[in-house]
Each structure stands twice: as C-alpha cells, then as structure tokens.
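Undergrad: Mind having a look at this structure? Questions to follow.
The structure is reproduced here in structure tokens:
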C-alpha cells in the first residue's frame with residue numbers, strides 16, 4: 119500500500135495546471151498524471167510526453183475508472199461544478215485556490231466529501247513559501263516578543279489589464295480572488311482566526327475584462343482584527359512597481375522583514391523541477407532583516423531564510439488518500455479563507471467592519 123501509485127487527472131493546463139500542478143504531481147513519488155483535460159493537446163504532450171491521455175471534455179476525464187485523484191486547475195467559475203462531479207464519481211479532489219466562487223458552494227463541497235469519505239483539499243501552496251516557513255520559526259521561538267502587528271504583501275506591476283479571465287469580474291477574477299486567498303491563508307496559518315475584517319477592494323486601472331465586461335478589482339487593502347489586539351494588514355496591487363515587503367512582523371521585542379517573494383514560482387516557470395533531495399529545492403538566498411532590542415539597544419542582523427517546500431503539498435495529499443497522514447489543507451481551513459473572502463466583499467460593499475462570526479462556516 120505504501121508503494122501504490124495513485125493516478126491523477128488534471129483539469130486545466132493553463133498557468134496553474136502547467137506551472138504548479140503538473141510539475142509537482144509528476145515529481146511526487148507515488149503519483150502519476152494519467153490524463154489531462156485541455157484544448158491544447160500539443161502543449162500537454164510537449165511537456166508531459168505522448169503517453170498522457172488528453173481529453174477535450176473534463177467530464178470524460180472524471181468518468182474514467184483509472185483516475186484516483188482529480189485536480190481542478192480550471193478557471194474559478196468552474197471549480198464548484200467540476201469538483202462536485204468528481205466527488206459524486208467517487209474521486210478524491212484537489213481544487214486550486216480559490217476553493218469556489220462563493221462560500222455556499224464551498225460548504226456544499228465540504229459536506230459532500232465528508233459524506234462520501236473522500237479527501238478534498240485546496241491548493242494553498244503559499245503555506246510552504248520560504249517567507250511563511252521563516253515566520254513560523256520566529257513566532258515559535260518568541261524572538262520578537264508578543265506580536266502586535268503584521269503586514270503581508272503580494273504586489274505586481276501590470277498597469278495594462280491583460281485579456282484573460284483573471285481580469286474579468288464575471289469570470290470570478292480579480293486580485294481579491296486571485297491573490298487574496300494566498301494572503302488570507304497565510305494570516306490564518308500564522309496567526310489564527312481573526313475576529314473581524316475591514317476591506318477596501320477598488321479597481322484602480324482603466325479598461326475592460328477579457329470579454330468586454332467589467333474589469334475586476336485590482337487592489338486590496340484589508341485589515342484583520344484579533345481578540346488579543348493584534349492587527350494584520352493584507353495588501354495586494356497590480357500597480358506596485360516598487361512592491362511592499364512580502365512579510366513584516368512587529369512585536370514587543372523587535373521586527374522581522376522579508377522583502378521579496380519566494381523563488382519557487384519563478385523556478386517552476388523556468389522549467390526547474392524538484393528532485394529527490396528536498397534540501398536542494400526552494401532555496402531562497404535572500405535573508406530576512408531582523409531588528410531586536412537587547413538591553414535597550416536595537417541590534418540589526420540578517421536571518422537566513424528557510425527553504426520553500428511546495429513538494430510537501432502533494433506528498434501529504436497522497437499520504438492522506440492512503441490514510442497515512444492528515445489532509446494538508448482540509449475543507450475547514452479553506453472555508454475559513456472563503457469566509458474571509460466573503461466578509462471582505464461585504465465590508466467593501468457596506469463600508470464597515472464585518473465580524474467573522476456573522477459569516478457562516480462548517481458546524
């Protein structure tokens with residue numbers, strides 16, 4: 119059983135499928151890609167080899183008897199229906215973030231998976247970013263004292279909207295649904311569940327969505343308020359030629375700043391693949407900056423950054439399917455992200471803080 123190879127069917131071979139899911143599945147011992155749903159068979163075969171079956175219809179992939187795990191890496195507005203069909207067909211399921219367009223849909227999928235005894239997991243890969251892993255280490259050892267404020271940034275500079283679904287409000291696009299899940303999952307993972315959120319989600323650029331409709335929100339300024347007084351600001355922009363720090367932590371004894379993004383996405387885009395040695399992957403040469411007070415004097419130093427570890431996600435998914443480990447991102451955790459996304463949208467629309475307890479979750 120420990121050596122069993124699970125066969126995955128990948129739905130979608132755009133950015134997420136090609137850059138993240140396919141390479142990570144292929145390099146996970148005990149996982150193999152059996153089929154891909156894509157309209158571009160030539161691209162799939164060029165990357166994955168001719169032995170991989172390519173299907174135009176995602177439903178045909180789901181119906182195959184030789185698929186153990188369905189990975190939904192298609193546009194956001196297809197996540198719910200495809201994941202539902204896969205669960206009803208008795209398949210384990212991974213869904214790329216965001217889980218679903220709406221909280222209600224996420225709750226339905228969670229209950230369906232639980233009722234069928236199937237693994238349903240959401241690909242919140244940024245948990246294994248170098249910056250997040252380094253922050254975990256600092257928070258565990260108490261170097262910064264009592265944490266009072268944190269800032270999480272995910273900034274890009276794309277002043278001209280691109281003709282793709284992620285820029286289209288009707289297709290479930292926009293920075294809040296694209297980068298917001300990364301930032302909110304980081305906050306939940308590092309600091310726990312907040313009491314409330316207040317969010318401003320404007321569209322600062324001009325133009326239209328990919329099909330001529332409304333351009334989706336392209337800026338995020340949201341504050342999470344915690345019971346102990348902690349404040350966490352999550353920020354994202356498509357107009358940040360000078361991006362903010364990926365992560366900044368401020369405590370009663372000092373501060374830690376990690377300036378730049380984890381390099382794993384860039385490495386995967388460049389065609390690099392994880393190997394057998396985890397220590398050789400995810401190397402982030404940029405140190406963090408640590409300023410800590412000792413005897414009334416601030417001392418500044420650099421802190422070596424932990425390696426990123428995206429391969430851990432699919433290793434743990436496989437182990438969860440085989441009953442050897444816990445689901446790395448279970449529905450309950452992903453639903454907390456969805457609750458914050460929903461509360462943030464409500465906050466933006468109503469121009470007020472929204473209590474998380476006012477947004478339904480799993481019983």
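Numbering (this note's numbering), first residue to last: 119 to 481. For glycine and all other residues, C-beta sits at the position ideal for the given N, C-alpha and C.
Whole-angstrom Cβ separation of residue 214 and residue 190, contact assumed at under 8 Å?
TA: Indeed, because the Cβ distance is near 6 Å, the residues count as touching under 8 Å.
Undergrad: According to the Cβ coordinates, are residue 333 and residue 321 closer than 9 Å?
TA: Cβ atoms of residue 333 and residue 321: closer than 9 Å.
Undergrad: Identify every residue that forms a DSSP beta bridge with residue 418.
TA: BP columns for residue 418 point to 409.
Undergrad: Taking three-plus beta-carbon pairs below 8 Å as touching, is the stretch 414 to 429 in contact with the stretch 248 to 264?
TA: Touching, per the Cβ criterion.
Undergrad: Report yes or no: do the stretch 428 to 439 and the stretch 461 to 477 share at least 3 C-beta pairs separated by less than 8 Å?
TA: Flag = no, the stretch 428 to 439 and the stretch 461 to 477 do not touch.
Undergrad: Is residue 122 buried or exposed, if buried means 16 or more other CB atoms sit within 10 Å of its CB?
TA: Result: exposed.
Undergrad: Anyone know if the C-beta pair for residue 126 and residue 180 falls short of 9 Å?
TA: Contact flag unset, no.
Undergrad: Between the stretch 268 to 275 and the stretch 208 to 227, are three or more C-beta pairs nearer than 8 Å?
TA: The stretch 268 to 275 is not in contact with the stretch 208 to 227.
Undergrad: Quick check: what's the CA-CA separation for residue 155 versus residue 183?
TA: Their backbone Cα atoms lie some 15 Å apart in a straight line.
Undergrad: Which same chain residues, not among the five before or five after residue 389, have their C-beta less than 8 Å away from its C-beta?
TA: Same-chain partners within the cutoff: there are none.
Undergrad: What does the alpha-carbon distance come out to for the pair residue 394 and residue 467?
TA: Cα-Cα distance, rounded: 48 Å.
Undergrad: Going straight from the alpha carbon of residue 404 to that of residue 197, what length do you get?
TA: Cα to Cα, the separation comes out at about 35 Å.
Undergrad: Does the distance from the CB of residue 448 to the CB of residue 238 come in under 9 Å?
TA: Cβ atoms of residue 448 and residue 238: closer than 9 Å.
Undergrad: How many angstroms separate the CA atom of residue 146 from the CA atom of residue 344?
TA: Between residue 146 and residue 344, the C-alpha separation is close to 37 Å.
Undergrad: Rounded to whole angstroms, what is the Cα-Cα separation between residue 138 and residue 465?
TA: Computed Cα separation, rounded: 32 Å.
Undergrad: Report the three-state DSSP secondary structure of residue 324 (helix, strand or coil).
TA: Three-state DSSP puts residue 324 in coil, outside helix and strand.
Undergrad: Can you tell me whether residue 457 is buried or exposed, with buried defined as 16 or more other CB within 10 angstroms of its CB?
TA: Buried is the call here.
Undergrad: Which partner residues of residue 210 appear in the DSSP bridge assignment?
TA: Partner(s): 187.
Undergrad: With residue 397 and residue 425 assumed to form a contact (beta carbons below 8 Å), what rounded beta-carbon distance in angstroms separates them?
TA: At roughly 7 Å, the Cβ-Cβ gap stays under 8 Å, so residue 397 and residue 425 are in contact.
Undergrad: Under 7 Å Cβ to Cβ from residue 473, same chain only, skipping five residues before and after it: list those, please.
TA: Excluding residues within five positions, the ones whose Cβ falls inside 7 Å are 313 and 314.
Undergrad: With distances taken Cα to Cα, identify the nearest neighbour of residue 432 among 283, 177 and 240.
TA: For residue 432, the nearest C-alpha among the options comes from 240.
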